[in-house]
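Novice: With the first letter of the sequence shown counted as 1, position 280 gets the number 280 in the UniProt record's numbering; the numbers rise by one all the way through.
Where is the CB? At the ideal position from N, CA and C, for every residue including glycine.
Sharing a structure here in structure tokens format.
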Amino acid sequence: MAGRQFTVLLAALAVIVIGYNSLFIVKETERAVMLKFGEMVDPDIEVGLGIKMPFVHVVRKFERRILTLDAPTQRFLTIEKKPLDVDFYAKWRVTDTQKFYTATNGEEVRAEGLLAQRINTGLRNKFGERTFHDVVSGERDLLMTELTRDLNLITVAEFGIELVDVRVKRIDLPSQVSQSVFERMKSEREREAREHRSTGRELAEKIRATADRQRTIIAANAYRDAEVIRGEGDAEAARIYASAYNADPEFYAFVRSLTAYKSSFSADGNLLVLDAESEFFRYLKKGSGK
Numbered sequence: 001m002a003g004r005q006f007t008v009l010l011a012a013l014a015v016i017v018i019g020y021n022s023l024f025i026v027k028e029t030e031r032a033v034m035l036k037f038g039e040m041v042d043p044d045i046e047v048g049l050g051i052k053m054p055f056v057h058v059v060r061k062f063e064r065r066i067l068t069l070d071a072p073t074q075r076f077l078t079i080e081k082k083p084l085d086v087d088f089y090a091k092w093r094v095t096d097t098q099k100f101y102t103a104t105n106g107e108e109v110r111a112e113g114l115l116a117q118r119i120n121t122g123l124r125n126k127f128g129e130r131t132f133h134d135v136v137s138g139e140r141d142l143l144m145t146e147l148t149r150d151l152n153l154i155t156v157a158e159f160g161i162e163l164v165d166v167r168v169k170r171i172d173l174p175s176q177v178s179q180s181v182f183e184r185m186k187s188e189r190e191r192e193a194r195e196h197r198s199t200g201r202e203l204a205e206k207i208r209a210t211a212d213r214q215r216t217i218i219a220a221n222a223y224r225d226a227e228v229i230r231g232e233g234d235a236e237a238a239r240i241y242a243s244a245y246n247a248d249p250e251f252y253a254f255v256r257s258l259t260a261y262k263s264s265f266s267a268d269g270n271l272l273v274l275d276a277e278s279e280f281f282r283y284l285k286k287g288s289g290k
């Protein structure tokens, strides 16, 4: 009785083991291939529950979602032979499981190593065709787009991997050349500053000269207008005086004589020597003034 129970238990255990090794599940986020003694018999197993022959078939699963390759910093040279330390990353995913398994044995680490080699070569070639300015700012986006497009054709054909995107995270100058580049940039900025100051001084001189010329012209025009107005005023005053004096010339002569007397004897001690017959005192000699 005990022997029969052990046999049944052993049979049940064998059924469980065989069933466990016969069934497998492929998730929505996975891709899988089936191998028979190392030979691929199904390069793209459908998602869901599947059956295989225990100890004969082996199911290898790979990630279906987009993966990230974060590569270590590499040094590349520009067309001017300037070294740059470049830190980049890449987005990739498996599209052909048969090629992927054949090229990498289904190992993500090996796949990332192959991708890193291809990307390093591509970046080295792209950087070698461009100047420092183009790589850093001018054509950086275009460079990444071209690199992704060109490398994707290779990775799909050789590894069954779609290269979704390649991006540069950081570009640094090596420490031994950073100081010299900084000094050169500083000198360039100082030169530009001197040019701006020189241009500013030149413009200031032009503006100042224009203002001085305008001031001179305005002052000359004002002086001319003032002289014209003054001349017209003097002429008008002379006309009025003449008109007033012509109304009574004798009275005008009398007033002029009084003014002359006042001016001649305005201070103490003034002495005036004249001929007795002089016309200067003619209004004092005769009461009528004639």
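Distance, Cα to Cα, W92 vs V166?
Specialist: Position 92 of the sequence shown holds residue 92. Position 166 of the sequence shown holds residue 166. Approximately 9 Å, taken between the alpha carbons.
Novice: Measuring CB atoms only, is the stretch 122-137 touching the stretch 63-81, in the sense that at least three cross pairs come out at less than 8 Å?
Specialist: Yes: at least three Cβ pairs fall under 8 Å.
Novice: Our contact map puts I161 next to L115 with C-beta atoms below 8 Å; I'd like the distance itself, whole angstroms only.
Specialist: Against the sequence shown, residue 161 aligns to sequence position 161. Against the sequence shown, residue 115 aligns to sequence position 115. Yes, they are in contact, since the Cβ atoms of I161 and L115 sit about 7 Å apart, within 8 Å.
Novice: Is the beta carbon of F159 sitting closer than 8 Å to the one on A71?
Specialist: Within the sequence shown, residue 159 is the residue found at index 159, counting from 1. Within the sequence shown, residue 71 is the residue found at index 71, counting from 1. No.
Novice: Could you tell me which whole alpha helix (DSSP H) segments of length 4 or greater appear in the stretch 104-176?
Specialist: As far as the stretch 104-176 is concerned, its whole alpha helix (DSSP H) runs of at least 4 residues are 108-128, 140-159.
Novice: Answer yes if the stretch 43-62 comes into contact with the stretch 23-34, meaning at least three C-beta pairs across the two stretches below 8 Å, and no otherwise.
Specialist: Judged by Cβ distances under 8 Å, the stretch 23-34 makes contact with the stretch 43-62, as three or more pairs qualify.
Novice: Find out if the Cβ-Cβ distance for the pair E30, R64 is shorter than 8 Å.
Specialist: The residue given as residue 30 occupies position 30 in the sequence shown. The residue given as residue 64 occupies position 64 in the sequence shown. Result yes, Cβ atoms of E30 and R64 sit closer than 8 Å.
Novice: Helix, strand or coil, according to DSSP, for G233 in the structure here?
Specialist: By 1-based counting over the sequence shown, the position of residue 233 is 233. Three-state result, G233: helix.
Novice: Can you give me the C-alpha to C-alpha distance between V228 and T210, rounded to a whole angstrom?
Specialist: By one-based count along the sequence shown, residue 228 stands at place 228. By one-based count along the sequence shown, residue 210 stands at place 210. V228 and T210: Cα-Cα distance of roughly 27 Å.
Novice: Return yes when the Cβ of L142 is within less than 8 Å of the Cβ of A90, no when it is not.
Specialist: As a working mapping, residue 90 is identified with position 90 in the sequence shown. As a working mapping, residue 142 is identified with position 142 in the sequence shown. Not closer than 8 Å, so no.
Novice: Please state whether DSSP places I79 in a helix, a strand or coil.
Specialist: One-based indexing of the sequence shown puts residue 79 at position 79. Of the three classes helix, strand and coil, the one that applies to I79 here is coil, per DSSP.
Novice: Please confirm if K99 has its CB atom under 8 Å from at least one CB of chain C.
Specialist: Checking the listed chains, one finds no chain C in this structure; it contains a single protein chain.
Novice: For T68, which three-state DSSP category applies?
Specialist: Walking along the sequence shown from the start, residue 68 turns up at place 68. DSSP places T68 in strand when its eight states are reduced to three.
Novice: Around the Cβ of A244, are there at least 16 other Cβ atoms within 10 angstroms (buried) or fewer (exposed)?
Specialist: Looking up residue 244 in the sequence shown gives position 244. Exposed, by the Cβ-count rule.
Novice: If you follow the beta strand (DSSP E) that D42 is in, where does it begin and where does it stop?
Specialist: Counting from 1 along the sequence shown, the entry for residue 42 is found at position 42. 39-42 is the extent of the beta strand (DSSP E) around D42.
Novice: So the beta strand (DSSP E) K61 belongs to, where does it begin and stop?
Specialist: The residue you call residue 61 lines up with position 61 of the sequence shown. First-last of the beta strand (DSSP E) with K61: 57-63.
Novice: Check whether the Cβ atoms of Q98 and V33 sit closer than 8 Å, and answer yes or no.
Specialist: As a working note, residue 98 is residue 98 in the sequence shown. As a working note, residue 33 is residue 33 in the sequence shown. Yes, they are a contact pair.
Novice: Are the Cβ atoms of V168 and R197 separated by less than 8 Å?
Specialist: Within the sequence shown, the letter at position 168 stands for residue 168. Within the sequence shown, the letter at position 197 stands for residue 197. No, these two residues do not count as a Cβ contact at 8 Å.
Novice: Just the Cα atoms here: how many angstroms apart are L203 and V136?
Specialist: The residue you call residue 203 lines up with position 203 of the sequence shown. The residue you call residue 136 lines up with position 136 of the sequence shown. Spanning the two alpha carbons is a distance of roughly 35 Å.
Novice: Between F100 and the rest of its own chain, which residues show a CB-CB distance below 8 Å, the 5 nearest in sequence each way excluded?
Specialist: Taking the sequence shown and counting its residues from 1, one reaches residue 100 at position 100. Same-chain partners within the cutoff: F62, V94, G106, A111, F159, G160, I161.
Novice: Going by DSSP in three states, G289 sits in which element: helix, strand or coil?
Specialist: As a working note, residue 289 is residue 289 in the sequence shown. Summary for G289: the model assigns pLDDT 45, below 50, so the residue's position carries little reliability; its value from the coordinates is reported in the next sentence. Three-state DSSP puts G289 in coil, outside helix and strand.
Novice: Tell me the rounded alpha-carbon separation between K126 and P43.
Specialist: One-based indexing of the sequence shown puts residue 126 at position 126. One-based indexing of the sequence shown puts residue 43 at position 43. Looking at the two C-alpha atoms, the distance is approximately 36 Å.
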